[in-house]
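Residue numbers (my numbering), protein chains in the order written: chain A, 86 to 489; chain B, 86 to 489; chain C, 86 to 489; chain D, 86 to 489. A virtual CB, placed ideally from N, CA and C, is assigned to each residue, including glycine. Here the structure is laid out as structure tokens; the discussion comes afterwards.
Number of protein chains: 4
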Amino acid sequence: MLALSKQAEDLHARLLAFMDEHVYPAEPVYEKQHEEAEDRWAWPPIMEELKAKAKAEGLWNLFLPESDYGAGLSNYDYAHLCEIMGRSPIAPIVFNCSAPDTGNMEVLERYGSEAQKKQWLEPLLEGKIKSCFSMTEPAVASSDATNIATEIKRDGDEYIVNGRKWWSSGAMARNCKIAIVMGKNDPNAEKHRQQSMILVPLDAPGVTIERPLHVFGYDHAPKGHAEIHYDNVRVPAENLILGEGRGFEIAQGRLGPGRIHHCMRTIGIAERALEAMCERVENREAFGRKISEFDSIRKNIARSRIEIEQARLLTLKAAKMMDEVGNKEARQEIAMIKVIAPEMALNVLDRAIQAHGAMGVCQDTFLASAWANVRTLRMADGPDEVHLDSIAKLELRRQRAARG
Amino acid sequence: MLALSKQAEDLHARLLAFMDEHVYPAEPVYEKQHEEAEDRWAWPPIMEELKAKAKAEGLWNLFLPESDYGAGLSNYDYAHLCEIMGRSPIAPIVFNCSAPDTGNMEVLERYGSEAQKKQWLEPLLEGKIKSCFSMTEPAVASSDATNIATEIKRDGDEYIVNGRKWWSSGAMARNCKIAIVMGKNDPNAEKHRQQSMILVPLDAPGVTIERPLHVFGYDHAPKGHAEIHYDNVRVPAENLILGEGRGFEIAQGRLGPGRIHHCMRTIGIAERALEAMCERVENREAFGRKISEFDSIRKNIARSRIEIEQARLLTLKAAKMMDEVGNKEARQEIAMIKVIAPEMALNVLDRAIQAHGAMGVCQDTFLASAWANVRTLRMADGPDEVHLDSIAKLELRRQRAARG
Amino acid sequence: MLALSKQAEDLHARLLAFMDEHVYPAEPVYEKQHEEAEDRWAWPPIMEELKAKAKAEGLWNLFLPESDYGAGLSNYDYAHLCEIMGRSPIAPIVFNCSAPDTGNMEVLERYGSEAQKKQWLEPLLEGKIKSCFSMTEPAVASSDATNIATEIKRDGDEYIVNGRKWWSSGAMARNCKIAIVMGKNDPNAEKHRQQSMILVPLDAPGVTIERPLHVFGYDHAPKGHAEIHYDNVRVPAENLILGEGRGFEIAQGRLGPGRIHHCMRTIGIAERALEAMCERVENREAFGRKISEFDSIRKNIARSRIEIEQARLLTLKAAKMMDEVGNKEARQEIAMIKVIAPEMALNVLDRAIQAHGAMGVCQDTFLASAWANVRTLRMADGPDEVHLDSIAKLELRRQRAARG
Amino acid sequence: MLALSKQAEDLHARLLAFMDEHVYPAEPVYEKQHEEAEDRWAWPPIMEELKAKAKAEGLWNLFLPESDYGAGLSNYDYAHLCEIMGRSPIAPIVFNCSAPDTGNMEVLERYGSEAQKKQWLEPLLEGKIKSCFSMTEPAVASSDATNIATEIKRDGDEYIVNGRKWWSSGAMARNCKIAIVMGKNDPNAEKHRQQSMILVPLDAPGVTIERPLHVFGYDHAPKGHAEIHYDNVRVPAENLILGEGRGFEIAQGRLGPGRIHHCMRTIGIAERALEAMCERVENREAFGRKISEFDSIRKNIARSRIEIEQARLLTLKAAKMMDEVGNKEARQEIAMIKVIAPEMALNVLDRAIQAHGAMGVCQDTFLASAWANVRTLRMADGPDEVHLDSIAKLELRRQRAARG
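Structure, rendered in structure tokens:
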């Protein structure tokens, strides 16, 4: 409803054009190059070409607000660009706006030392290397951050990191060089002051990438999701970010914008699925009628449109609130979109899959792989259950206050 | 997300205060007076007192945009007021903003002759009389307007009206004086030029109010929903509105804003239901815990908050579009909220009912009667099925255009 | 799937015939007589005629298993008859098989003294008087039986009853003479030994029927749901059933069969709703087609058929288990049908209502009143939430045992 | 509810024991062997060992009713065995009871010539070769069988087959030797007499296996789903099954039992998922509680139990009806389970996935791959939409008949 800033409108228009001209046509090329590559974990050559083009056109690092490094867009503005990028699985990387790098770059930008910025942030911003975020652990319910068991222990000028992490997304890629690892440095401190975050180069001795985790049947190469064993890994003390016991605080700061981005990309996916569904049902006949003439199919289209519109408006409202009143005041809205955007997209994708018949579940459309991808979002950064509970807690609190 | 106009903000604040000070406290009084009244179809005395107060404070006829008669608010502005009024079943009447009078007044204001305005619009605007809208017929699927069978036939200086209508809401009230009747004057004309609308005084010979229709077990006295037999009713030719064959056109013009109003009132109901639910579950224990501590209850609260927020944003977007690009361009959005707002409110109400236990279905809360009321909205002005189909039609058309 | 007993098959056939010949045709007569009656709380004369006919044909008191008083049918057999009776709101009373009398009669038959049987069971079995069950209380969450606050205190040869009960269904009827009241005689006893049940004549001094409770606007006259104040009501000590502290035990014994009955009647309602829907959509046109040709309507019909079939099979399985392994072993199944049968019927009814358009919510079909009725079953005898929890508890326990 | 036959009870017990002793422990071995195999499309060696053991114990070819080749079990009996086999993705092959071989063997047994039986049925029954069924085509909506475009043209002593098929499941396996191909021999015949079925050896000149189709990222090796190009493939005339124009008839006969099997296997999957969920939530803590103590999780368990029970009962009823009144009379029930069993299992699996957190979507449990598998069943043998429509058609017809 609200207008975009001039700058964002310009970027929006150029992004749309770039997608049409370069990204969509590159999708099958990318897939083919990847399929034929000797190394599943290396980027197909076309990706570097696309990145170079995007950089040349200034469609690069659009995500960083309030920073000289980024485009200086508000969350509200950037959300609109995110939706466009979300439409293609390769686009976020093309524009150097893909998770988890965006979150990691924000962490470095906001909380990193000058040395950390120089060493890691700059090559990330240039798209030369990739990063991962090592938070979740296989042995505990990581939705409850106090469960985290990885240790970060000071030893002279170094920290020693010990622990097993998984779902370190992106870590399988050959050019992934650095992990931000969350661990406990003081299990006796106050609950939210026990954790720290530390930078661990993936080539440090003691770091073992154990295996790629699959998502349904996809290995998501060349990015992948790694299970990583940090076994007595020693890193210099200056690799600690912000300070001991600040891990939870950093994690909180990292999440807000990331969720908006995920949600808007998810909305982009849903839009593309609805387009695919509409096209399919107008070009297919059964029992003497175009499939688009069956009213139950039409209802599915209508429901999809309604759900997409609602999720988009709520996500934009959350973005706007973050801009105007800050992440903390917006946390009920952020939790709401975290739940509703993936749920909505799964519905829309499932209907599109069903409308495609058996083609919908296979590699001939983006639908099945998008579905699998989005399904993980109901657990990433905390499962739905946790976010619904937060929403309720805030609601009950506000209602109590209103009753006086 | 968008700010209200200065005027609307002022009205919004005063409306909230008026509700707290006068309307909510009057609800039990109104109920008691009505229960003890000799005549179910007369208004309890407190209603006239409330109307006088509202009029005195300028909280009166807020609905009419673009007219000297009304407050001149945009749809977007007025929508916010509507939500507040929707919170109490008696409030819309207190502020002379209740359906179907608002729609009827808009019709008269936009399409009525000076004489029609003088005779009917003015007393309606003053709140002295009430009106009804006779559109739906028992014998045919009225969602398809071409099915309408009532006849409006010219005979000299008069029109003769013949037909059976039902769900003429408000017509049971003693002070309901006038009906706008939709009928066919020329069954051979082009499909959407067959219908006319005509003003029929309820005391005209040949008009018989056959019975009140119930909604679930409620008769909705003193307003009621009447089945009316128009049996050779003669009215002066100048009672026709706008001209022969213009009925469909008037109906279309009438619907857009009406739907926004209904939806926003429905959102007001849902908000009040969620409040009631939150209060209940914090003040009730079972199995040793406050009910608000059960996480399935908390999820219901969270879901309700999410659904309300989404429906409100979509309704406000529709209102904004009506203001900026007109009803026609906004028709997909209007159809969407027509479907989603009642559905959402039924969900929220049902959860609130369940959380209240058996109390929830009886007369001790507003929940059961609100539920029944909202349930009718899934059929009023066309059933969900018709609106979903329109949404799909528009979607398929737009997608076709985009594919080129 | 399993055959009925010979006796049950014969009764089934005769019941079907009786319904067609006597009950369905009597429904409008009953309604008219009731509407025109001076006293809403007296039974329309046709009811006594129907009861006499049913008794004459031996279609009377079919519910009592293992007793000389009843027909000696198994739960499985009787369930089939119950479904038939459930199809008409007046039928259960016609055959003297209506709640809460059936449950009360079972209590008296199984736990009553000879004197109690003589005084209350016999006139109940003859259909001369009616009874109510005073369990639920307005002030506490009665789903947790330990919350019950009504007192039953011994005083010499009498007990004194003090408390406020509501949802004492049937108590508004003029011929309702006796209440079974649940209360606490010893709040210090072990949790499930604190309660007793006692017989309280409704004309005893201190019994005040405060008001009828409504269900979505219906007062359910002449049966009604009463709020009753028991204020220092004195009854002879021999009115206590079974003994002090046995109330919970009696309540448990009372519930199993009652739930089967409710569920099967609910399935009868759903079947009738589906019939009404099918008839409606074949006799109505919109947009140039029979409504039954819209495939979204057809899907609703198909869904309804699937849901009904599934609920019926599960209910019959529960009945069979009660017959073969007893109520205790069948308690997971009983809890399952308690949840699913009302939910299913509400879905089927809601679709039927929607297919009827505005007619569906008013008094012109049985649909709206049936919906309201069934809605209460999601809370009667414990809300869904409690039963779902029991199902989960039993499931987790069994799975634990299987894992060893 | 109904007892199994003696024979089936014995088989049931031995099957359960075999699963515990041999199949479950073999699952990880099978996976490991497959992962390490040089050829994804060959069977891991342990499979032949398991087959030999099953054959030795007489747990082999249990599916064939009314035939000397099979165990002679009723559909009702066999359904119970099918559920057990469904619990493990490798079990149906172990017992030579896997689709599409079972359907193909039934076709050969019922409609094949002696020579066809000798050549193809016998090695299939011995488990020496595998078969596929080439029905679905990429270019048309194959849910409407009249759309099929593949040609089977007589040319002297041969038939020439031309067409493109996909989703020929099992055809990727190295030991898949024969396809049953559906095609049109006479496009001018009456609608259901245009099609024929013919046996095409996969090594016949002109048969090209173009590629494996994936299901949500899984290639389902070594079985796989093939896209096959039949390009002027010549086969002897005696390869035609039953006769020209009999293809539709064979297809119908093939489907009924196959659907029961699929549904019961699906129920087995759902049971195993519920077990996995129960175990998980009892062994995991978050926020200071076992996950099994969260009541929303408990509700998911209860819902799953309810849905499984209902689907199983309906499937068994359908099986019983097939035994007693035949496939045709049972077709509404068969259509119902075709819709409900996969839907139910998807729900149960999704809840189990969510309860496992991120582990649920990866290769560490069977849940994600089972979900993907079951998702295809909403389209295989006709999409839900077609079956729902059949259910409605039969319902409307029966209701019409009942109204007279």
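Tell me whether residue i is buried or exposed, calling it buried when 16 or more other Cβ atoms sit within 10 Å of its Cβ.
i        : result
B:GLN92  : exposed
A:LEU87  : exposed
D:ARG463 : buried
B:ARG365 : buried
C:GLU470 : buried
C:LEU399 : buried
D:LYS203 : exposed
C:LYS413 : exposed
B:ALA443 : buried
Report, in whole angstroms, the separation of the C-beta atoms of residue i and residue j, which I expect to be a contact under 8 Å.
i        : j        : result
C:ARG369 : B:ALA226 : 6 Å
A:GLN484 : B:CYS167 : Going by Cβ atoms, the distance from A:GLN484 to B:CYS167 rounds to 22 Å, so no, they are not a contact pair.
C:GLY302 : B:SER454 : 7 Å
A:ALA361 : A:LEU452 : 7 Å
C:GLU356 : C:ILE393 : 6 Å
C:HIS165 : C:HIS107 : 19 Å between Cβ atoms; not a contact.
A:LYS269 : A:ILE233 : 6 Å
Which chain D residues are close to residue i, counting only those with a beta carbon under 7 Å from its beta carbon?
i        : result
B:PHE379 : ASP380
For a cutoff of 7 Å on Cβ pairs, would you count residue i as touching chain A?
i        : result
C:LYS384 : yes
B:LEU340 : no
Can you find a CB in chain D that lies within less than 7 Å of the CB of residue i?
i        : result
A:LEU166 : no
A:MET464 : yes
For residue i, return the contacting residues in chain D, with the cut-off set at a CB-CB distance below 9 Å.
i        : result
A:TYR115 : By Cβ distance, chain D contributes nothing, its closest Cβ being about 17 Å from A:TYR115, past 9 Å.
A:GLU112 : Simply none; closest approach about 17 Å.
A:PHE333 : The contacting residues do not exist; A:PHE333 stays about 15 Å from chain D at best.
Within the 7 Å Cβ cut-off, does residue i reach chain B?
i        : result
A:ILE425 : yes
A:ILE476 : yes
C:TRP252 : yes
C:VAL300 : yes
Cutting at 7 Å between CB atoms, please list the residues of its own chain near residue i, excluding the five before and the five after it.
i        : result
D:LEU340 : ASP466
A:ARG195 : GLY338
D:ALA127 : ARG259, PRO307
D:MET429 : ALA355, GLU392, ILE393, ALA396
Run down chain B in chain order and give the residues with a C-beta less than 7 Å from the C-beta of residue i.
i        : result
A:ARG365 : Residues of chain B passing the Cβ test: none, with the nearest at roughly 11 Å.
A:LYS413 : Those do not exist, as A:LYS413 stays about 18 Å from chain B at its closest Cβ, beyond 7 Å.
Verify the CB distance criterion: does residue i have a CB-CB separation below 7 Å to chain C?
i        : result
D:GLU295 : no
Given that residue i touches chain A, what residues does it touch there, using C-beta distances under 7 Å?
i        : result
D:ARG460 : VAL446
Kindly list the residues whose CB is nearer than 6 Å to the CB of residue i, restricted to its own chain and excluding five residues on each side of it in sequence; keep chain order.
i        : result
A:HIS472 : ALA420, LYS423, VAL424
C:ALA457 : VAL300, PHE301, TYR303
B:ARG344 : ILE419, LYS423
Determine the chain B residues that contact residue i at a beta-carbon separation under 8 Å, and present them in chain order.
i        : result
A:GLU394 : LEU399, LYS402, GLU418, MET421
Can you pull the chain D residues whose beta carbon is under 8 Å from the beta carbon of residue i, in chain order?
i        : result
A:PRO468 : GLN439, GLY442
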